[in-house]
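What follows is a short report on a single structure.
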Amino acid sequence: MGGLRRGRPQHGSIRLVKEELLTKNTFAEEWPGFHHMLKIAAKPACLIAHNGLRYDYRILMHELKRNEQWLKHYPLPEQVVFVDSYLAFLDLEKSFHNSIKSTINAVNWRMVTDLVLKAANHQTRSNFQSNNNSGFISRALLRRPPNVGGQPKTPSLPRRLQRSTSEQRDLGSQEKQPEEPLKAPKKRCIKELFQEAHPLKFMTMEDWSPAKRKRLDAKVFERDDQGGWRFCEHLGDKYFHTYGNFKLSNIYQQVLGASFDAHRAQEDSIALLQLSMAYGLEFVDYVDKNQAEFPGLHPANYSSMFERTRKMKTREEKN
Numbered sequence: 001m002g003g004l005r006r007g008r009p010q011h012g013s014i015r016l017v018k019e020e021l022l023t024k025n026t027f028a029e030e031w032p033g034f035h036h037m038l039k040i041a042a043k044p045a046c047l048i049a050h051n052g053l054r055y056d057y058r059i060l061m062h063e064l065k066r067n068e069q070w071l072k073h074y075p076l077p078e079q080v081v082f083v084d085s086y087l088a089f090l091d092l093e094k095s096f097h098n099s100i101k102s103t104i105n106a107v108n109w110r111m112v113t114d115l116v117l118k119a120a121n122h123q124t125r126s127n128f129q130s131n132n133n134s135g136f137i138s139r140a141l142l143r144r145p146p147n148v149g150g151q152p153k154t155p156s157l158p159r160r161l162q163r164s165t166s167e168q169r170d171l172g173s174q175e176k177q178p179e180e181p182l183k184a185p186k187k188r189c190i191k192e193l194f195q196e197a198h199p200l201k202f203m204t205m206e207d208w209s210p211a212k213r214k215r216l217d218a219k220v221f222e223r224d225d226q227g228g229w230r231f232c233e234h235l236g237d238k239y240f241h242t243y244g245n246f247k248l249s250n251i252y253q254q255v256l257g258a259s260f261d262a263h264r265a266q267e268d269s270i271a272l273l274q275l276s277m278a279y280g281l282e283f284v285d286y287v288d289k290n291q292a293e294f295p296g297l298h299p300a301n302y303s304s305m306f307e308r309t310r311k312m313k314t315r316e317e318k319n
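So this is what it looks like as structure tokens:
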């Protein structure tokens, strides 16, 4: 652990004292069992590590080179491939952005605005007619009942409905007044109609993976001057360069809504398995297209790798 920089924070799971390390098996002791597991696994088998190209796979490569005698007896089985899930999730979400950008930019938002305006005008006319009809009924109720056949006036008529003749004339004249022309909604009102109408709310998401639904950030969309929407390239690039956005624990928290004990082998493996399932068939297709053999460890390259290692050691001894 002396190779760690001073002042660099260390996770509790790697703060092991020498006495604790002595109780652990070495890589050479663990490799035969791990080799047997890979040998009997259904092929092709894929080993997945999050940010493995920077950490896990480098450590594995170093241990395999250091224990080359074991590798001769227990070579890496055929059809065992590797994928870095950090790059996989990164590339998949870039494809999410590209597809959604094409969809948003292909929409004629001016036409959508015209349709919204027509709908708003229709709604305004319907409301106006509804209010006008209710007003007509109320005025009819205000009229006094006719005195037919010399019958006495209805004594139970409420006093507030007993209007004078002049008031009735006024009501009659009000009924005959021409209707006021309908006014189109103001431009500000049109924008208010789009205030809550985010494009993501109107997209068919049944075929989307859980990860795509949770990880597609609504903030990468912005409004234009015409009241429509567009994909913001700057915010899209910023999303992929924000520190921690593709950290395993952060993705797990956002997609699955839970936390786990990160930086421990078993917990990390379970979390990575669950996230791989959350990205769905798109993740499987990505692995099929981007899987790779472990560099330098194909059986045909074992001897050349060992030979290069011996030459490096010989040069070090001479120097």
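All residue numbers for the sequence shown refer to UniProt numbering, where the first residue is 1 and numbers rise by one. Here a beta-carbon is modelled for each residue, glycine too, at the ideal position from N, C-alpha and C. Source: prediction; values computed, not measured.
With distances taken between CA atoms, Met277 lies nearest to Ser85 out of Ser259, Tyr55, Ser85. Leaving aside the five residues that flank Gln79 on each side, the residues in its chain whose CB is nearer than 6 angstroms to its CB run, in chain order, Lys43, Pro44. Here Val284 is exposed: its Cβ has fewer than 16 other Cβ atoms, across all protein chains shown, within 10 Å.
Three or more beta-carbon pairs separated by less than 8 angstroms link the region 48-61 to the region 84-98, which places the two stretches in contact. Between the beta-carbon of Tyr239 and that of Val220 there is about 6 angstroms, and that keeps the pair under the 8 angstroms contact cut.
In the displayed model, Leu47 falls within a strand according to three-state DSSP. Between the alpha carbons of Ala41 and Gln253 lies a distance of about 30 angstroms. If you draw a straight line from the Cα of Gln274 to the Cα of Met61, it is about 26 angstroms long. Lys247 is the residue among Lys247, Gly228, Glu233 whose C-alpha sits nearest the C-alpha of Arg215. In this structure, Pro199 is the residue among Asn290, Asp288, Pro199 with its C-alpha nearest to the C-alpha of Thr103. A direct Cα-Cα distance of roughly 7 angstroms separates Phe231 from Asn105. In this model, Phe294 and Val83 are separated by some 9 angstroms (Cα to Cα). Remark: C-beta atoms of Glu282 and Leu64 do not approach each other more closely than 8 angstroms. Note on geometry: alpha-carbon atoms of Asp261 and Leu47 lie some 21 angstroms from one another.
Distance between Asn98 and Ala218, taken at the CA atoms: about 14 angstroms. Rounded to whole angstroms, Val255 and Ser249 show a C-alpha spacing of 10 angstroms. In terms of Cα proximity to Glu30, the closest of Leu235, Glu20, Lys18, Leu71 is Leu71. In the DSSP annotation of this structure, the continuous segment of the beta strand (DSSP E) that includes Phe221 starts and ends at 221-223.
The residues His97, Lys101, Val220, in chain order, have a CB closer than 8 angstroms to that of Gly236 in the same chain once the five nearest residues on each side in sequence are set aside. For the region 197-264, the continuous beta strand (DSSP E) assignments of 3+ residues that do not extend past its boundaries occur at 221-223, 229-231, in sequence order.
For Phe82, the uninterrupted beta strand (DSSP E) run begins and ends at 80-84, by DSSP. Here Tyr286 has Ala88, Asp91, Leu92 as same chain residues with Cβ atoms under 7 angstroms from its own Cβ, once five neighbours each way along the sequence are excluded.
In this structure, the straight-line span from the alpha carbon of Pro75 to that of Arg58 is close to 18 angstroms. In the displayed model, Ala41 falls within coil according to three-state DSSP, outside both helix and strand. Of the candidates Gln226, Ala265, Ala271, Gln226 places its Cα closest to the Cα of Arg110. When the five nearest sequence neighbours on each side are left out, the beta carbons in the same chain lying within less than 7 angstroms of the beta carbon of Met205 are those of Arg213, in order along the chain. Between the C-alpha atoms of Phe34 and Glu20 there is a straight-line separation of about 22 angstroms. A distance below 6 angstroms between beta-carbons, with the five flanking residues on each side excluded, links Ala28 to the following residues of its chain, in chain order: Asn67, Trp70. Rounded to whole angstroms, Met37 and Asp288 show a C-alpha spacing of 21 angstroms. Classified as exposed, Asp224 has fewer than 16 neighbouring CB atoms from the shown chains inside 10 Å of its CB. Distances from the CA of Trp229 to each of Thr23, Tyr55, Pro77, Asn108 were compared; the closest alpha carbon is that of Asn108.
Counting of Cβ neighbours within 10 angstroms places Ile270 among the exposed residues, the total staying below 16.
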